[in-house]
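Residue numbers (the numbering used here), protein chains in the order written: chain A, 5 to 459; chain B, 73 to 292.
For reference, the structure is listed below as structure tokens.
Below you can see the structure in the form of structure tokens.
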């Protein structure tokens, strides 16, 4: 069946896209937070380092003196192996250190700190500055301490964190995709439940579906049930119609026949008796035709839905034989039943009706005091029912002719019949994926076989 | 034998009653399920012939309800499609069914088959020479030895026994033997009479040919 793509796949892809977006977003956020945190840490340490150096400034004889405290640099080393620079100025003049690091720096106001990023020797350098006022003799001099550090370490930490975040994001994405597939399948499971409930049904099971659907599937289930309801109503109608038609046709025919038969016994005149017999034969002819036409219609619509029930052909043969026995007795025809179990699948009512039609033919066309044999056996992959009679045989016409509607053999003249019996049998057998074979018996009589696939 | 015919079509019912009485059975006719219930309450029947479509209900429902209280065999008369009715009638517990229009001989043959299968019906013995003929089960026996009669010979014997020694023409015999698609000729009648005569010879009964008129059975 052509489909417009899979809802499950669409749902999975959609959920996966959302997961991918979230993963990228979370990765970039973690990365930027990590960088900021690393930079803030460096800044804090640089400020602390600058302020320790500033604390170490003192004045001696009106001169500003500085003995660099080692701890100010060792704490910078705690972050990384980055290079560290310093510069101490007094009113713009260098006291000690590398002047280049404070080149584009406006010194902060006394007691203030300031941070800046500059470039030194083509490398980014983070610099913290602090200004302190010192009494040198009678003068108050403002001394600014600059401490700078390259940013390798910070980048390293930030990149490290970013990589970990990326790995986590990928893991999150993978899990999310797997989960979306599961979610998609679970949400669609209810549809499958309903589909299976419909598929599991037998062809004659037209009760409404009783599943409790999720809210979204309720309309689907409702329309399905409405369809089932309409279908069963129309099936019932055609069944009722066939039954009613049969009743309407056959009841008056039955009356005519019964009255004619009574009249046959009450008249003495030979010509009138003959006339009565002709009436009875005509009634028989039309009632058989009507009956078989209706059976043909029943077969046609039942054939649409052949059930998958296991049936023993021997059982079918025995039922059909028993039903025909009284009719056969009337002509002193013996029906021999030689039946071994042969299991097939299908509709027992149809198969029995097919066999009855053939048996009926056999009894009808056989002369009195002969025999009809019904054999059931298995042969390879098929089950077979064979009916052979001692009638006039089929003549030399092609066998296909007998299974055509309303075709009767040349040898059938003088016997009541509509020519539908074999057609019904053929239709039933074909509906069961089988075939029907007609042969002339050696000597005389006809042999009709149903060959059906074994169960 | 006492039959109950439940059939709403008056003309058909009349003809069936007529024919069954001709075979020597008593028949009551009910035109509806209500009447049938009254009849069944008032008398015992050996066999019920039940139409499917009746003015006050479906014969098959009646049948299903009846199956719980009684064992009386039932043959369903149906005018509907064979296939669908077969399922209904036999599932509801009918012993057999016959589709309308039916051949009286076939109806009779089916009644007999059902009664014989049920085995519950009382014997209806008639002495034919030294032999005993059980009209219910259709058996002819001298003492314990059963004389094998084919169906047509049996029918012929029945007709002779019912005629109580009267003369039966070939034409009359043909009428009684006439069945749905087997034409019986005068020649065939001669053949069957010949065979029956031979079989009855052992029992000391005699079929006399009344020249130019027909046959007569002397039962002793």
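Every residue gets a Cβ at the ideal spot worked out from N, C-alpha and C, and that includes glycine.
Measuring straight from C-alpha to C-alpha, what distance separates residue 142(A) and residue 98(A)?
Within the first chain, the letter at position 138 stands for residue 142(A). Within the first chain, the letter at position 94 stands for residue 98(A). Each residue's alpha carbon lies about 21 angstroms from the other.
7 angstroms is my cut-off, CB to CB: does residue 242(B) come that close to chain A?
Taking the first residue of the second chain as 1, we reach residue 242(B) at position 170. No, residue 242(B) does not count as interfacial toward chain A.
From residue 161(A) to residue 33(A), what does the alpha carbon distance come to, in whole angstroms?
As a working note, residue 161(A) is residue 157 in the first chain. As a working note, residue 33(A) is residue 29 in the first chain. So the alpha carbons of these two residues sit roughly 15 angstroms apart.
Using 10 angstroms around the beta-carbon of residue 273(A), count the other beta-carbons present and answer buried if the total reaches 16, otherwise exposed.
The residue given as residue 273(A) occupies position 269 in the first chain. Burial call: exposed.
For residue 192(A) versus residue 12(A), is the C-beta spacing smaller than 7 angstroms?
Here residue 192(A) refers to the residue found at position 188 when the first chain is read from its first residue. Here residue 12(A) refers to the residue found at position 8 when the first chain is read from its first residue. Their beta carbons are under 7 angstroms apart, which means residue 192(A) touches residue 12(A) by this criterion.
Take residue 3(A) as the anchor and find which of 369(A), 80(A), 181(A), 290(A) has the nearest alpha-carbon.
Chain A is shown only over 5 to 459; residue 3(A) falls outside these bounds and no answer can be derived.
Under 8 angstroms by Cβ, that's how I've got residue 203(A) and residue 310(A) pegged, so tell me the actual separation to the nearest angstrom.
In the first chain, counting from the first residue as 1, residue 203(A) sits at position 199. In the first chain, counting from the first residue as 1, residue 310(A) sits at position 306. In fact, because the Cβ distance is near 16 angstroms, the residues do not count as touching under 8 angstroms.
So, with DSSP's three-state summary, where would you put residue 420(A)?
As a first step, residue 420(A) must be located in the first chain, where it is residue number 416. At residue 420(A), the pLDDT of 47 sits below 50, so the modelled position is not reliable and the matter cannot be decided from this model.
Note the first and the last residue of the continuous alpha helix (DSSP H) segment covering residue 246(A).
Position 242 of the first chain holds residue 246(A). Taken as a continuous stretch (DSSP letters only), the alpha helix (DSSP H) holding residue 246(A) covers 222-270.
Give me the residue from 346(A), 329(A), 334(A), 348(A) with the minimum Cα distance to residue 340(A).
Walking along the first chain from the start, residue 340(A) turns up at place 336. Ranking 346(A), 329(A), 334(A), 348(A) by Cα distance to residue 340(A) puts 329(A) first.
Cβ of residue 287(A) less than 7 angstroms from any chain B Cβ?
Counting from one through the first chain, the residue named residue 287(A) turns up at place 283. Chain B, which has a Cβ nearer than 7 angstroms to the Cβ of residue 287(A), makes this yes.
Do the CB positions of residue 239(A) and residue 291(A) come within less than 7 angstroms of each other?
Here the question's residue 239(A) lines up with position 235 in the first chain. Here the question's residue 291(A) lines up with position 287 in the first chain. In this structure, residue 291(A) does not lie closer than 7 angstroms to residue 239(A) by Cβ.
Quick one: any contact between the segment 312-325 of chain A and the segment 274-293 of chain A, if contact means 3 or more CB pairs under 8 angstroms?
no
Between residue 283(A) and residue 264(A), is the Cβ-Cβ spacing less than 7 angstroms?
Start at 1 with the first residue of the first chain, and residue 283(A) comes out as number 279. Start at 1 with the first residue of the first chain, and residue 264(A) comes out as number 260. Yes, they are a contact pair.
Residue 148(B): which of 96(B), 134(B), 110(B), 234(B) sits nearest, CA to CA?
Here residue 148(B) corresponds to residue number 76 of the second chain, with the count starting at 1. Checking every option, the nearest Cα to that of residue 148(B) belongs to 134(B).
With DSSP as the reference, please indicate the residues paired to residue 458(A) in a beta bridge.
The residue given as residue 458(A) occupies position 454 in the first chain. Partner(s): 348(A).
Quick check: the segment 181-192 of chain B against the segment 254-267 of chain B, are at least 3 beta-carbon pairs closer than 8 angstroms?
no
Report yes if the C-beta distance between residue 235(A) and residue 306(A) is below 7 angstroms; otherwise report no.
For this step, residue 235(A) is matched to residue 231 along the first chain. For this step, residue 306(A) is matched to residue 302 along the first chain. No, the pair does not count as a contact, with Cβ atoms beyond the cut-off.
Give a yes or no on whether 7 angstroms exceeds the smallest Cβ distance from residue 334(A) to chain B.
By one-based count along the first chain, residue 334(A) stands at place 330. Answer yes: the Cβ-Cβ gap between residue 334(A) and chain B drops below 7 angstroms somewhere.
Would you report the Cα separation of residue 462(A) and residue 385(A), rounded to the nearest angstrom?
One cannot answer for residue 462(A) here, as it falls past the ends of chain A, which runs 5 to 459.
Could you tell me whether the Cβ of residue 422(A) comes closer than 7 angstroms to any Cβ of chain B?
By 1-based counting over the first chain, the position of residue 422(A) is 418. With a pLDDT of only 48 at residue 422(A), under the threshold of 50, the placement of this residue in the model should not be trusted; the figure read from the coordinates follows. Answer no: the Cβ-Cβ gap between residue 422(A) and chain B never drops below 7 angstroms.
Contacts that residue 278(A) makes with chain B (C-beta to C-beta distance below 8 angstroms)
Numbered from its first residue, the first chain carries residue 278(A) at position 274. The premise fails here: residue 278(A) is roughly 10 angstroms from chain B at the closest Cβ pair, so nothing lies under 8 angstroms.
Mind checking whether residue 152(A) and residue 89(A) have CB atoms under 7 angstroms apart?
Along the first chain, read from residue 1 onward, the residue named residue 152(A) stands at position 148. Along the first chain, read from residue 1 onward, the residue named residue 89(A) stands at position 85. In this structure, residue 89(A) lies closer than 7 angstroms to residue 152(A) by Cβ.
Suppose you measure from the CA of residue 187(A) to the CA of residue 159(A); what does that come to, to the nearest Å?
Position 183 of the first chain, counted from the start, is the residue given in the question as residue 187(A). Position 155 of the first chain, counted from the start, is the residue given in the question as residue 159(A). Their Cα atoms are separated by approximately 40 angstroms.
Is there a Cβ of chain A sitting closer than 7 angstroms to that of residue 247(B), yes or no?
The sequence position of residue 247(B) within the second chain is 175, counting from 1. Residue 247(B) counts as touching chain A.
Given 8 angstroms as the limit, is there contact between the segment 212-225 of chain A and the segment 193-201 of chain A, that is, 3 or more CB pairs closer than that?
yes
Segments assigned alpha helix (DSSP H), at least 4 residues, entirely inside the segment 294-355 of chain A
317-334
Rounded to whole angstroms, what's the CA-CA distance from residue 112(B) to residue 217(B)? Just pull it up for me.
Within the second chain, residue 112(B) is the residue found at index 40, counting from 1. Within the second chain, residue 217(B) is the residue found at index 145, counting from 1. Straight-line Cα distance between these residues: approximately 38 angstroms.
Is residue 27(B) helix, strand or coil when you go by DSSP?
Nothing can be reported for residue 27(B): it is not among the residues displayed for chain B, which extend from 73 to 292.
Identify every residue that forms a DSSP beta bridge with residue 439(A).
Position 435 of the first chain holds residue 439(A). DSSP lists 455(A) as partners of residue 439(A).
From which residue to which residue does the alpha helix (DSSP H) around residue 262(B) run?
As a first step, residue 262(B) must be located in the second chain, where it is residue number 190. That run of the alpha helix (DSSP H) goes 258-273.
Can you list the alpha helix (DSSP H) stretches of 4 or more residues lying completely in the segment 205-235 of chain B, in chain order?
223-234
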